[in-house]
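Asker:
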Amino acid sequence: MTRKQEFWVNTTDQQKLYVKTWGDETLPPLVLVHGYPDNQETWEPIIPFLSDQFYVITYDVRGAGSSSVPASVKSYRLPQLADDLESVVNQVIPDRSYHLAAHDWGSIQSWESVTEPRFRGKILSYSTISGPCLDHATFALTKLRKKDPAKWMKLLSKSWYIGIFHLPLLAPTFWRFSSEKFWQKFLTSLERQQGLPINANISRDGQFGVQLYRANFLPALAKPRKRYAQCPVQAIVLKYDRFVSPDYIEEMPNWVDDFSQVEVDANHWAILSQPEKIANYIATFAQKYS
Numbered sequence: 001m002t003r004k005q006e007f008w009v010n011t012t013d014q015q016k017l018y019v020k021t022w023g024d025e026t027l028p029p030l031v032l033v034h035g036y037p038d039n040q041e042t043w044e045p046i047i048p049f050l051s052d053q054f055y056v057i058t059y060d061v062r063g064a065g066s067s068s069v070p071a072s073v074k075s076y077r078l079p080q081l082a083d084d085l086e087s088v089v090n091q092v093i094p095d096r097s098y099h100l101a102a103h104d105w106g107s108i109q110s111w112e113s114v115t116e117p118r119f120r121g122k123i124l125s126y127s128t129i130s131g132p133c134l135d136h137a138t139f140a141l142t143k144l145r146k147k148d149p150a151k152w153m154k155l156l157s158k159s160w161y162i163g164i165f166h167l168p169l170l171a172p173t174f175w176r177f178s179s180e181k182f183w184q185k186f187l188t189s190l191e192r193q194q195g196l197p198i199n200a201n202i203s204r205d206g207q208f209g210v211q212l213y214r215a216n217f218l219p220a221l222a223k224p225r226k227r228y229a230q231c232p233v234q235a236i237v238l239k240y241d242r243f244v245s246p247d248y249i250e251e252m253p254n255w256v257d258d259f260s261q262v263e264v265d266a267n268h269w270a271i272l273s274q275p276e277k278i279a280n281y282i283a284t285f286a287q288k289y290s
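Position one of the sequence shown corresponds to residue 1 (the UniProt record's numbering), numbered consecutively onward.
(1) Tell me which same chain residues have a C-beta within less than 7 Å of the C-beta of Ala220, skipping the five on either side of it?
(2) Is DSSP giving Ile282 helix, strand or coil here?
(3) Go ahead and label Lys239 buried or exposed: buried means 16 or more other beta carbons lie within 10 angstroms of its beta carbon, across all protein chains shown.
(4) Taking the alpha carbon of Ser245 as the point to measure from, which residue in Ser97, Glu263, Pro172, Val256 has its own alpha carbon closest?
(5) On the three-state DSSP scale, how would you describe Lys16?
(6) Need the endpoints of the alpha helix (DSSP H) that Val114 sits in, please.
(7) Report the partner residues of Phe259 according to the DSSP bridge assignment.
(8) Taking the CB atoms as reference points, tell me whether Val233 and Val210 lie closer together than 8 Å.
(9) In this structure, how does DSSP classify Asn254 when only helix, strand and coil are distinguished?
(10) What would DSSP say about His268, mapped onto helix, strand or coil?
(11) Considering Thr58, what are the terminal residues of the beta strand (DSSP E) in which it resides?
(12) Contact check, Thr26 vs Lys4 under 8 Å by CB: the rounded distance?
(13) Helix or strand or just coil, what does DSSP make of Asn201?
(14) Would a C-beta distance cut-off of 8 Å place Glu6 and Asn199 closer than the cut-off?
(15) Could you tell me the boundaries of the alpha helix (DSSP H) in which Ser87 lies?
(16) Compare the C-beta of Ala266 against all C-beta atoms of chain C and say whether one is closer than 8 Å.
(17) Please report how far the alpha carbon of Ser51 lies from the alpha carbon of Asp258, in whole angstroms.
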């Protein structure tokens, strides 16, 4: 696995994003967007299985890894995150279309781009892992509350941490005193696998990335938007995901013309515990639209 470049991209609001590229730049581009509380290093177990077929691009989202940390919560709003993706591709692969895959919060924010008309023809395919569109999720929850209140409550209970992240001091304080050792024990227990790569920057990434939740969940719940995908979408469903219910996938075909899904016997961080399998699903889907 050869790392071609690492450099900085300036955003539309004067933040700086740290970007890496992998593989042969003449190959079809594939952008990978990480989740929370991760940074772009979380993709490194997968990249060896992709970089011989794609020109792979990763970046630390704002507030994570080596990228800059905005001062205000509103700087983490979804439209700005879509602008960030556009800034990255405009600098790294100007005038080229690309495939997109994302995990967790990376997936949530990438839906903003996938459903934005200006990205039509630019994003060739999208593989989403453990992160629904917030607008779609709100419509799904509203429908479910009327149809099946018990199932609605079960879905809400799975997202208990979202409420915690909105408390002013608790979440940042928790992450400030978290350690690599704590995170290693947590991931090992969750994924039931030893030796998983550990985020050495977990305290900082957790502390600042919590703003993603604060900036976006309440607006989506208060006023969801009808947004339709501008490209083919594949949902990689993690059967035992503790944090994101597979039930949200049921509503995706209502918003995507060309939709497919695959299922993996894995928990939330399958990109770490089963990197080759996840990479194969991403590659197979993207190749259909190259």
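Cβ atoms here follow ideal geometry from the backbone N, Cα and C, with glycine treated the same way.
Answerer: On the basis of the supplied data:
(1) Translated into the one-based positions of the sequence shown, residue 220 becomes position 220. Leu134, Asp135, Thr138.
(2) For the purposes of this step, residue 282 is identified with residue 282 of the sequence shown, where counting begins at 1. Here Ile282 sits in helix by DSSP.
(3) Within the sequence shown, the letter at position 239 stands for residue 239. Exposed, by the Cβ-count rule.
(4) Here residue 245 is taken as the residue at index 245 of the sequence shown, counted from 1. The option with the nearest alpha carbon to Ser245 is Glu263.
(5) Along the sequence shown, one-based indexing puts residue 16 at 16. Three-state result, Lys16: strand.
(6) For the purposes of this step, residue 114 is taken as residue 114 along the sequence shown, with counting starting at 1. Val114 -> alpha helix (DSSP H) spans 105 to 114.
(7) Here residue 259 refers to the residue found at position 259 of the sequence shown. Per DSSP, Val233.
(8) Taking the first residue of the sequence shown as 1, we reach residue 233 at position 233. Taking the first residue of the sequence shown as 1, we reach residue 210 at position 210. Contact flag unset, no.
(9) In the sequence shown, residue 254 corresponds to position 254, counting from 1. If DSSP states are grouped into helix, strand and coil, Asn254 belongs with the helices.
(10) Start at 1 with the first residue of the sequence shown, and residue 268 comes out as number 268. The three-state reading of DSSP puts His268 in coil, since its state is none of H, G, I, E or B.
(11) If you number the sequence shown from 1, residue 58 lands on position 58. Looking at the DSSP string, the run of the beta strand (DSSP E) that includes Thr58 is 55 to 59.
(12) As a working mapping, residue 26 is identified with position 26 in the sequence shown. As a working mapping, residue 4 is identified with position 4 in the sequence shown. Separation of the CB atoms of Thr26 and Lys4 is rounded to 11 Å, and the pair is thereby denied contact status at 8 Å.
(13) Along the sequence shown, one-based indexing puts residue 201 at 201. Asn201 falls in the coil class under three-state DSSP.
(14) The sequence position of residue 6 within the sequence shown is 6, counting from 1. The sequence position of residue 199 within the sequence shown is 199, counting from 1. Contact flag unset, no.
(15) Sequence index remark: in the sequence shown, residue 87 carries index 87 (1-based). Ser87 -> alpha helix (DSSP H) spans 78 to 92.
(16) As a matter of chain content, chain C is missing from the structure shown, which is built from one protein chain.
(17) As a position in the sequence shown, residue 51 is number 51, starting the count at 1. As a position in the sequence shown, residue 258 is number 258, starting the count at 1. Roughly 26 Å between the two C-alpha positions.
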